[in-house]
Structures are given as structure tokens and as C-alpha cells.
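Residue numbers (full-length UniProt numbering): 1 to 1172.
We put the beta carbon where it would ideally sit given N, CA and C, even for glycine.
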Amino acid sequence: MGHSSDRRVAPAPKLNADGNPQREPHPRAATSWSARIRAQAQERWGSLQLIVRYVAANMDRNYRSFVIGLSTVLLVVSFLALVQNALVRSGIVFVKLSEDTVGQYDLLLTPNAPDISPYINYTQLNSTLARVPYISSSVPRWLLPVNISSPNASVWDPSVPDPVVASAYLLVIDTQLEAQAGVGVAWPFRALGEAEAHVTGSLLRSVRKRPGMGDRINVKLNPLALFGNGASGNATDALGPQQGTNVTLTSAQVDQLAIATGTSREQLLSGAEQLPDGRFRLTIGGANNANGALSVGSLSTLTQPFTIVSAIDKPQGKYPQALGNVIVVDRAPTEVLIKRTLATLLTNPVVATSLGLNRTQVDTFRLADYAMSVVAMVRDREPMYMSAATDRQRQLVRVTDAMAREMGADAPVDVVDGLNQALRGTQFIQIYMNEIFFTVVAVLSVLAVLLIYSLLLADVEEKTFEFGMLRSLGMKQGNLIGLVLVQSLWFSVPGISAGLLICFVLYTPVEYILSSFSAVPMSLGLDPSAIVLGFGLGLGLPLVAMLVPIRRALSQTLRDALDLFHNSVNDSVVTITKLREAGINVGETIISALLVTVGFLVYYVIPLSFTFNNLPLFFRILTLILLAMVVGQVLMGQVLQHFLELIAMRLVVFMFARRGRAGAIANVVSKNLGAHIKRNGKTALMMSLLLAYIIFAAVMFKIQSDTLSETLEWQYGADIVVRGSSFAKPVPEVRISNFLVNRTEATGSASGMILGWTYIAYPVNNYWPVRNSRLGPVTSLRNPTVRIVGVQQNLLQVALAKYYIPVTCSPSIVDPHDVVSRLTDILTPADIAGTGAAFTIPDNPPIVRASDLISGTRNVTDAYKDVLPVVISEALATRAFIQPSTNLILELDIRTADSLSTTTQRQLARTLCVARKVPGIGGISRFAQSRSPVLVSMAQAANMLSRVDTWSGALLTNATDVKVADKDRVDARVLQDKYLPDMRIEVPKQTALIRLRKGLSSLQIEGIINELNTAIADDDFKVDNLRFQLESTELAAFFINILFYIVAFVGILLAFFVLWLSFTANLRENAWEFGVLRAIGLDGDTVINIYIYEAIAIVLATIALGSAIGILTALVLTLQFGLFTEMPFSFGFPVPLYVTVTVLSLVVAVAGSWYPATEFARKKIAIALKGL
């Protein structure tokens, strides 16, 4: 065998790119790098363990700091997260209030071509809307005006007249379908059976009926009114003939018809045509129907008794509040009732012949094919309405666009977003509440930062020796920073957890109240913004507050840190900086940054907010500037803090100290105040800021809420206001006046609820031939544009006269509050001169042409004898330099009927009075210089409109429905003679003001408004209740005042902790002085009183300073607010809140100083002298 060798051949070395052998890394080098990483990790882990053990041990030894820090974070996080969560959900309250006003309708679909078809085929429309992904459901609705008659009337007997005692709306709903769709989810009443109804409580009180007791009311209605005449398009063929249908009856049938209609044979045959076969041809609604005996209505009217099931006190979103008295019935039994009635009518040969009914129409009738309106509900509606106004509008546009694609562009329906429009009116209130909550968060955050800062700083100062020992044992400064960081996180992390948990628990009843009120499912989870705010405050506040303590801990030298007798009060710090050498000045840099920031906000961000109509951004900037102003005043006020403390200390000591010791105690307390000025400054700053904010915010809110109430009263002008829809559809003056006269005469003038009413006309400018109107001095080259408004002479007797503010009046006016009644006078030359002396008219008066005068005279001299008296606004008088002695000229630019040419007509005028405000006429304001209202008498307004028709060739009756039926004309003449001498029904009225007797309850006012709405019988008109608006404002003010009380309590509690920490540190650093005072003979109680006097002096000084700052800021804002509202200055001070805050502050002063002083008082004098 051959010999084999054990030697192995070494592998060939690896070559690099250059061809040289590649060097392998040394194994020891790799080991040292990984070892270093492991060593650093182990070192940092060990340091972290050491820090955690140290902080845990410190907590066991000194639990007070942990409790204070934990309480601070817990209190701030829980309260502010609760406020934020409630603020986010508070929008549902405004949605609910709007739903109660306009109904819980997302979208309301109504026919837009009533001449073609006044109905909607719900069956077809529902299948169409089911294809729209944004629509969750839809429901049909029917609304009919009905009369309420005596319960003794027969079920259907037209020959027996039914005594009508009231009127109302009959609302037909599908209770089960609407419950599934979520329409009126707060509706508390059950579904109804046949001949059952829910009735408005005010209607029941007026007819003296009781709900749930078997009482009945008779509803008189025409079932054919549900279907109308000539319905086509998306509905089935209409039932019954149109007015003017000819029917042929035998002589016997005429006699039967006379009995059925309660008329004579002669009345029916008046104007009828007798045929050769002896029959008679009558026309329904024709000339033979002058007395209304033969009409579709008289032949098909029924009086249906309904059992009253429940009384409706509030609509609860089921229907608009403006409907007034409502009788709610269910769809299914109503459909059965209608078909049964039609079948009954069909069996009567006279009625069947007259109406032209047939069995097929009755058998195939479906009520859903004749819906008067359809309510569509949007998917995920709650988040949509909780979003911002712009986002909400964008989502609704997306929904309606999708509906239009499915229904077609030519669909004969109009879509109205009533709820969205109602929510627009609450935009400013929501913004205002958001800013209030933002200020609360900002102020409490600052207070919490100051408290945590004081806590950590006190711990750093207390542990100066310990930190020195740790550094001497080798702890690095980085670990010292980590120690302070862990110490802050030690109480912030559990504080955040506990705070959010407490917030969740406390929010549960709040959410229950909100969900119960708004009828929405409970949402118990916290909003993400509240959670983020809680974590941000819980982690951010300690991190911000620890910056100075860390700097203090690192700035100590090792020698100073190990000095047991070191006192931070006696520190002398010398700092050498070279920033100026680099061209940087700290003070100038800070001021420059502030000026640049403010300039950027004012000159860029504010115009940007107006450009994009971002009102929340605009108000947020104003809030930030306002808070900065308050904080700046507080910081400036610290200059006076020590001076005020000395004054307060003298007062307190000489009031409560023993005689003979007051001077000595005052000197000691004075020296303590000087020695502790730096540490007490945090307490003073905190208390001053809290008190300034509380007082300023409460005073400002009270003044603004009062001003808001006054502004509402001024704009409304009376207790009840009825507003017209447009110049073409003014308020129904005769119907309103008839109703008010009946109420006044029925109850008597002594005990009546209605004291009076008046009307304000639409401006003459709203009449389409009037292109423009101007008023100014005769010598003026360019007169301002104005609006000519007719008012009745009893305006100031009915309206809230306290908001009539005259500035200057003509010398002929003895009583400025009687100026409106003097508008009916035509001024004479003596009135023009202002005296009773003779007045000489010039031969060539300075007027244009006699043909231009509204008076129509061709004599220029006579023009000066027919001068129009007017009342103008202060703004117009200021702009046009008008005085009561100024000759004015009123110019009207009038179009011709063909709109091809324009003529200018002129009339002389003279100012009776210049007014700053007039109740019910919002345009009279200092800022409305263009198109300012000019008040004239109603008779003059009627003359102007009549002459405009003459000049233009137009006809006012073609532009408005103000012309009423003959019966209304008769009523108008009676009203004019007895109640309103200057009624002038031919003038379209924009507003009706109704004044009620004081002391009426809300139910009484609601009853009047419901009856008024029913009398108007038209939802195009809006009836406003001033009492309801004021109560809503007062309710909001009540809850916001409660919020201020809670903020005050939380802030005072934080101030107590700061005061406690400050005095504990003061006593610890001045322990030797404390022992000396005990050694020279002062007993423990006296020494304790010295520190209590010091605390009371600090708090009293902060109360004085904070009160002055708060009141001064509130006064400035009130004066600024008054510039815009032009209301008389009134200053309201929240005395209960101020007393509560003051008492709590004094309690905090005593408790915060007494508790730490008592601990030191228990120590022996020798121990106190050693500083232990």
C-alpha cells in the first residue's frame, strides 16, 4: 500500500478587484463592536432600572408629589376630555332643536306643477328613490285644512249645518312606515285605528276636550280634496268632475238635491236650463251656485267624528311647528274611511250623477298614488349633520344630484332641504360655543402647566442633595434628565389612563341625556378628538413643564448640590452671554417674532378666512388674540402684585392680629412676602390668570347674552311676528286681523291676551316698476339710495317702544315717541318753517318741473304746500347731511310696463325725526347707509303705489295676491273703521307685529300661535315667537354659566395645589427662620397665622388684580359689541359667580398655607433650627 500524507492543501486566497489577496476582518474586531452594542444596551437598561427603582422608592417615601401630579393630570385630562367629547356631540342638540322647528325631514319633495298635478305617485317615486344609494327610505304625507265642528253634528248630512268652532290641519301619516324610516323618531304616540286621532293640545284646550277619555271632535272635510281635479301625470285619474260640469236631473231628483244640500228648489233652478223632456240641466259651480249650494264641495263634504287618543304638546320632529293646530290620523284607516265614503256617495243617485263617480274608480283607488308630499331620509344622516356647514352642503348636493339622475331632470317635483337651512341659523351659536370651550381648554392647560412645573421644580429643589450624591456616585447628566422624565411620566401615564376612564364614566349620563333629548342611539365611546386631547395634555403638559426643572438640575455644580445649607432664594446667578456679539438680542427677537405672528394673522389669515367664508377660522384668530391680550395684562399686572400684596397684608393683619402684635407681625409677613416673591409669583400668576379669565368670560358672556336678547327683541319688535313670503305674497292682513279681532272681542279688552297689532309694508322699491328710489337735500348732486316703507300710526304703541331711539326731531314734534302717528299729516308752510309764523313762498321755487312732482300738480307753488313727512335713520342723515330743517327731495325711477324706458318722479319731503333704531325695522342702523329705510305713512305708501301704476301702466293686482275676496273686503272695512283706520289692504305687508299681555304662560302663547297658524292656513308664512327665542338664549346661558362654575372649581383646585407646594417649599427653605420665631417666644398658632396672612395677602392681591383685568377687558369688548349692535350700554356683573370664586380663593389661601405650616409647627424648636 502507498503512503498517504495527512497534510491538507490550503484554499486559494480570495482576490479583490485589483488582483490582490482580500483581507478578512479580524474576529476580535467584530466581537468588540457587538460587545460595545451589548454593553451600551445593558448600561442603558441598568440605568433605566435604577431610575425606575429610584422613582418608585421616592414615591413610597414622598407620596405627596405623586398624588399631586397624578391628581393634576387626572383632573385636567378627565375634565377637558369630557368637555371636548360633549362639545363634539353637542351638535346633535342643535339638530334636534331644528328638527322640532321644521320637522325631521332630510329632504321634502313636493309637486312643482300644481296646475298639472298637485300630487305625487308615491308608489312610482319610492321605487325610483330605492335606486339612489344615498337615500335610505321615503314616506308619503298628506296635509289638508279642515274645520272642527260641534260633536253633535251628524256623520254625513249636508242638510244640517255644522257649527264650526275651530280650524286645523289634518295630517295623514303612515306611523309604521315612518317609524321604520326614522321620521319623527321621538314621536311618543301609538299607531291609530279607525276614527282615532292625536290632536294638538292647544286645540283641545280651545274646544274644551280631553285626551284619552273617549271625547270626540268632528272633523269636517271634503275627501275629494285629496285628489283634486284634473290630476294627471304621475298620479291616477282624478276622481269627480271639475267645477263647471253639467248634470241633468229630473224634477224629483232636484227636490232630493234641495233636501240634501239644505237649499230651496228655486235656488237650485235659478239659472238652470229646462229641457223639452221636463228635466233640468244644472252646472256645478256655475251661475246658479251663487250661494254655494251646488258645488263639488257641498256634494261630497263629510263630518267625521274622531276619538281623541292623545294630546300633542310638541311636534317632536313629526311635522313643522309652523303648522299650528294639527290633527294626526293614520294612513291605513284613513284610506278605508275614504273608500267607504266614496262608496256611500256612489250609492246616492243624486250625488253619483252629479259627481260622475263609477265603481271602478272607487275599487282601484290607492291613497299612495295621491301623495301631497314625500319625505326622503338620507343614509348616515347623523354624521352629516354633525359636520361643518360646508361639508354638510357638499354631501346634500351629492345626494340631490344622484336623485336627479334617477328621477330625471324634468321630474315634476321640488326638493327642499329644510333641516339643513334651519341648521344654518345655528352656525354662529355653534361657533361661539366652540370658542368658549377652546378658551376653557387653553386656560386650564396653562394652569396645569404651571402646577406641574411647580411640582417638578419643587422636587428638583428638594432633591438637590440627592441629585448631587447620585452624580458623585457616577450618574451621568443624561441619566439625570431621564430621571426627571420618568418622574413626570410616573404620574402622567396613570393619570391619563385614570382620567380617560373617569371621563368615560362621567360622560355616560351626559350621553344618556343627549340621546334621550335628541332621540338618537347612545354613543358611549369617546370621540377620537377627546382621546387625542387627553393623551396630548397628559403627556405634553409634563414634558413642557419639566424643561425648567431639568435646566435647574443640570445647572447645579457638584459642590452646590452637596451643600446641605444651600438656599435657592439666596442664589446669585451670573450669566455671560455672547449672543449680542453674534447680532442676536433675545428680547428684540421675542418681540419681533410676536409682531410678525400678529401681523401675519391680521393681514393674511383673517382676510383669507373672509375670502373662503371660513368663519370658524376667523373667530378662532379673534379668540387667540383675546386670550393673548388677557395673558399680557396678567403679566403686566405682576408689576403691581407685590405692592397690592403689602396693602392687603396690612389690612388683614390689622383686622385679625392681636393688639400690640400687629406691627411686629406685619413686618414679619412683609419680609416673607419679599423673600418669597419669586416662588409666590407662580401662585399669583396662576390665580390672577384664573380670576381674570373667569370674571372676564362670565361678564362678557352675560353682557353678550343680554345684548343678544335685546337684539332679538329689537329685530322682532313684538311678542309674535308674522313675516310674508315676498312682495307677491305678503302677509294675509285680513285673515290675521279677523282672527285677532275675534280673539280680542271673545275674551274682552280687560282680560284679553292680545293688546294690539300693527303692520309694516314691503318697501315700495320691491314693486317691479320701481327701479330705484333716492332721498336727499334738494341741493345735493347725488342722493343716497333708500327704501320707502309704509308703517301704521300705532307702530310705537304696539311694538317694543324701548327700542325706539330718536336722535333729533323737528321742533313741531312735542313728543318724539308720537312721531310715527304724525306721519299721516301733510306738512304746511308753517310746519316747514318750524314755527307758526307766516311763511312766504318764493316766486320761483328751486324745484325741477311741476310735471315731475308726485303730487301731480302743475303748479310749482302748490308743491311747497304738499310736503311728505318722513322718518329717516341716523346713518342716512349723517351721509346726506340731513337735519330736520333740511328741504328734501324724494326721487322714484319708474319703468314703463314694457320696461323700455324709465322716468323719474320727484316729491318734496321733510324729516320729522332722525332715529337710531326703530323696533321691528332692522334696516335702521348706523351702518346701513345704503338702502336705508325711510318711514312714511301707510296712506302715502298706498298713494305712491297707485301713482306708480298710473305712470308705468302696470297693475299692482297682477304683481301680488293682496286683493282678497269680497267677504274679506267687507271684513277689511269693518276692521278699518273699528281697529285700524290706516289699514290700507291694497299695500302689500311684509310684517305683522302682535303685542301680548304680560304674564302669559308659554302654553298660552303657544295656543295663540297655533290658532294663528291655522287661521293663516299657509306654510309660506313664518310665525316667530319672541318668547321661545329668548328662552332658548336663556337656556344656553344657563348651561354656559354652569360650565364657568365648573371651570372655576377646577382652576381653584389647581391653584390650591400650587399654593400648597409653594408654601411647603417656603417653609422648607425657611425652616431656620421658623425655628427662630418659635425660639423668641411666638407660639405655634401665631407662626401659623403669619403664613396664613401671607397667603391671604397674595390671594386678595390676585383677586383685585384679576377682577380689574377681567372687568376692564369685558368693558372693552362690550363697548366694541355695542358699536355694532347700537344698543344702550349696560354692564351686567355675575355677582353669584364672583362671590363663589372669591370665597373659594380665600378658602384655598387658608387651607393651602395652614396645612404645611401645621406640619412644621409640630416639630420641636431644636429640630426646626437645624432645618430638618
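Item checked: Buried versus exposed, by CB contacts within 10 Å (16 or more), residue 40 -> Translated into the one-based positions of the sequence shown, residue 40 becomes position 40. Result: exposed.
Check: Is it the case that the Cβ atoms of residue 143 and residue 105 are separated by a distance below 8 Å?
Finding: Reading the sequence shown from its first residue, position 143 is the one you call residue 143. Reading the sequence shown from its first residue, position 105 is the one you call residue 105. Not a contact, by the Cβ cut-off of 8 Å.
Next item on the list: Would you mind sorting residue 390 into buried or exposed? The rule is 16 or more other CB atoms within 10 Å of its CB.
Entry: Numbered from its first residue, the sequence shown carries residue 390 at position 390. Looking at its Cβ environment, which holds fewer than 16 other Cβ atoms inside 10 Å, residue 390 is exposed.
Next item on the list: Output yes or no for whether 8 Å exceeds the beta carbon distance between residue 793 and residue 823.
Entry: Locating residue 793 in the sequence shown gives position 793, where the first residue counts as 1. Locating residue 823 in the sequence shown gives position 823, where the first residue counts as 1. Closer than 8 Å, so yes.
Note to self: Distance cutoff 8 Å, beta carbons only. Does residue 476 sit that close to anything in chain C?
What the structure shows: Of the protein chains in this structure there is only one, and it is not chain C.
Next item on the list: Could you spell out the range, first to last residue, of the beta strand (DSSP E) harbouring residue 775?
Entry: Reading the sequence shown from its first residue, position 775 is the one you call residue 775. Start and end: 770-777.
Next item on the list: For residue 314, count neighbouring C-beta atoms within 10 Å of its own C-beta (all shown protein chains included) and say buried if the count is 16 or more, exposed if not.
Entry: As a working mapping, residue 314 is identified with position 314 in the sequence shown. Counting Cβ neighbours within 10 Å, residue 314 comes out exposed, since fewer than 16 surround it.
Check: Of the residues 81, 1059, 1087, which one's Cα is nearest the Cα of residue 504?
Finding: The residue given as residue 504 occupies position 504 in the sequence shown. Ranking the options by Cα distance to residue 504, first place goes to 81.
Note to self: Between 765, 378, 1045, which has its C-alpha nearest residue 137's C-alpha?
What the structure shows: Counting from 1 along the sequence shown, the entry for residue 137 is found at position 137. Out of 765, 378, 1045, 378 has the C-alpha closest to the C-alpha of residue 137.
Notebook entry, point to check: On the three-state DSSP scale, how would you describe residue 714?
Noted result: In the sequence shown, counting from the first residue as 1, residue 714 sits at position 714. When secondary structure is reduced to three states using DSSP, residue 714 falls in the helix class.
Notebook entry, point to check: Leaving out the 5 sequence neighbours to the left and right, which residues in its chain are closer than 7 Å to residue 111 when beta-carbon positions are compared?
Noted result: For the purposes of this step, residue 111 is taken as the residue at position 111 of the sequence shown. These residues qualify, in order along the chain: 117, 118, 119, 120, 412, 413.
Check: In chain order, what residues of the same chain have a beta carbon less than 8 Å from the beta carbon of residue 195, not counting five sequence neighbours either side?
Finding: As a working mapping, residue 195 is identified with position 195 in the sequence shown. If we look at residue 195 and ignore the five residues flanking it on each side, its Cβ neighbours are 304, 305, 306, 307, 333, 337.
Note to self: Please classify residue 946 as buried or exposed, where buried requires at least 16 other C-beta atoms within 10 Å of its C-beta.
What the structure shows: Here the question's residue 946 lines up with position 946 in the sequence shown. With fewer than 16 Cβ atoms within 10 Å of its Cβ, residue 946 is classed as exposed.
Check: CB-CB under 7 Å to residue 1044, same chain, minus the five flanking residues each way: which ones, in chain order?
Finding: Residue numbering aside, residue 1044 sits at position 1044 when the sequence shown is read from its first letter. Closer than 7 Å at the Cβ level, and outside the excluded window around residue 1044, lie 694, 697, 698, 1137.
Next item on the list: Compute the beta-carbon to beta-carbon distance between residue 1058 and residue 451, rounded to the nearest angstrom, for a pair I have assumed lies under 8 Å.
Entry: On the sequence shown, position 1058 is the one that residue 1058 refers to. On the sequence shown, position 451 is the one that residue 451 refers to. Yes, residue 1058 and residue 451 are in contact; Cβ-Cβ is about 5 Å, under 8 Å.
Item checked: Residue from 190, 1023, 1155 with nearest C-alpha to residue 722 -> Position 722 of the sequence shown, counted from the first residue, corresponds to residue 722. Out of 190, 1023, 1155, 1023 has the C-alpha closest to the C-alpha of residue 722.
Checklist line | Whole-angstrom distance between residue 994 and residue 1142, CA atom to CA atom | finding: By one-based count along the sequence shown, residue 1142 stands at place 1142. By one-based count along the sequence shown, residue 994 stands at place 994. If you draw a straight line from the Cα of residue 1142 to the Cα of residue 994, it is about 45 Å long.
Item checked: CA nearest to the CA of residue 192, picked from 532, 90, 335 -> Residue numbering aside, residue 192 sits at position 192 when the sequence shown is read from its first letter. It is 335 whose Cα lies nearest to the Cα of residue 192.
Margin query: Please tell me whether residue 93 and residue 517 are closer than 8 Å, where the distance is taken between their beta carbons.
Written below: The count along the sequence shown starts at 1 and reaches residue 93 at position 93. The count along the sequence shown starts at 1 and reaches residue 517 at position 517. Cβ distance < 8 Å, so residue 93 and residue 517 count as in contact.
Notebook entry, point to check: From residue 539 to residue 483, what does the alpha carbon distance come to, in whole angstroms?
Noted result: Translated into positions along the sequence shown, residue 539 becomes position 539. Translated into positions along the sequence shown, residue 483 becomes position 483. One C-alpha to the other measures close to 16 Å.
Notebook entry, point to check: Quick one: what does DSSP say residue 542 is sitting in, helix, strand or coil?
Noted result: On the sequence shown, residue 542 is found 542 positions in, with the first residue counted as 1. Three-state result, residue 542: helix.
Margin query: Assuming the contact rule is C-beta atoms closer than 8 Å, residue 273 and residue 265 should be a hit. Round their C-beta distance to whole Å, please.
Written below: Taking the sequence shown and counting its residues from 1, the one referred to as residue 273 is at position 273. Taking the sequence shown and counting its residues from 1, the one referred to as residue 265 is at position 265. The Cβ separation is near 15 Å, so there is no contact.
Check: Hey, residue 515 and residue 521: beta-carbon distance below 8 Å or not?
Finding: As a first step, residue 515 must be located in the sequence shown, where it is residue number 515. As a first step, residue 521 must be located in the sequence shown, where it is residue number 521. Yes; because the gap between Cβ atoms is below 8 Å, this pair is in contact.
Next item on the list: Please determine, among 383, 1134, 397, 876, the residue with the shortest C-alpha to C-alpha distance to residue 416.
Entry: Counting from one through the sequence shown, the residue named residue 416 turns up at place 416. Considering only alpha carbons, the answer is 397.
Margin query: By DSSP's criteria, residue 911 is part of a beta bridge. Which residues make up the other side?
Written below: On the sequence shown, residue 911 is found 911 positions in, with the first residue counted as 1. According to DSSP, which records beta bridges pairwise, residue 911 is partnered with 870.
Next item on the list: Could you name the residues that DSSP lists as bridge partners for residue 167?
Entry: Residue 167 sits at position 167 when you count from the first residue of the sequence shown. Bridge partners of residue 167 according to DSSP: 147.
Check: residue 532: which of 422, 500, 796 sits nearest, CA to CA?
Finding: To locate residue 532, count along the sequence shown from 1; it is residue 532. Selected option, being the one with the closest Cα: 500.
Note to self: Tell me which residues share the same chain as residue 652 and place their Cβ nearer than 8 Å to its Cβ, disregarding the 5 neighbours each side in the sequence.
What the structure shows: Within the sequence shown, numbered from 1, the residue matching residue 652 stands at position 652. Excluding residues within five positions, the ones whose Cβ falls inside 8 Å are 1093, 1096, 1097, 1100.
Notebook entry, point to check: Exposed or buried, which one is residue 700 when buried takes at least 16 other CB atoms within 10 Å?
Noted result: As a working note, residue 700 is residue 700 in the sequence shown. Flag for residue 700 reads buried.
Next item on the list: Give a yes or no on contact between the region 994-1009 and the region 715-732, applying the rule of three or more CB pairs nearer than 8 Å.
Entry: For the pair of segments examined, the region 994-1009 was found to touch the region 715-732: the number of CB pairs separated by less than 8 Å reaches three.
Check: Which whole-angstrom value describes the C-beta separation of residue 744 and residue 752, a residue pair presumed to lie in contact below a C-beta threshold of 8 Å?
Finding: Position 744 of the sequence shown, counted from the first residue, corresponds to residue 744. Position 752 of the sequence shown, counted from the first residue, corresponds to residue 752. Indeed, because the Cβ distance is near 5 Å, the residues count as touching under 8 Å.
Checklist line | Limits of the beta strand (DSSP E) - the one that residue 990 falls within | finding: Here residue 990 refers to the residue found at position 990 when the sequence shown is read from its first residue. Residues 989-996.
Notebook entry, point to check: Where residue 1176 and residue 1063 are concerned, what is the direct C-alpha to C-alpha distance, given to the nearest angstrom?
Noted result: There is simply no residue 1176 to check, as the chain begins at 1 and stops at 1172 in what is shown.
Notebook entry, point to check: Measuring CA to CA, which of 1109, 1055, 881 is closest to residue 636?
Noted result: Taking the first residue of the sequence shown as position 1, residue 636 is located at position 636. Looking at the Cα atoms, 1109 is the closest of the given residues.
Check: Going straight from the alpha carbon of residue 1103 to that of residue 691, what length do you get?
Finding: One-based indexing of the sequence shown puts residue 1103 at position 1103. One-based indexing of the sequence shown puts residue 691 at position 691. Going by the C-alpha atoms only, they are around 7 Å apart.
Margin query: Quick check: what's the CA-CA separation for residue 52 versus residue 634?
Written below: Along the sequence shown, one-based indexing puts residue 52 at 52. Along the sequence shown, one-based indexing puts residue 634 at 634. In a straight line, the C-alpha of residue 52 is about 39 Å away from that of residue 634.
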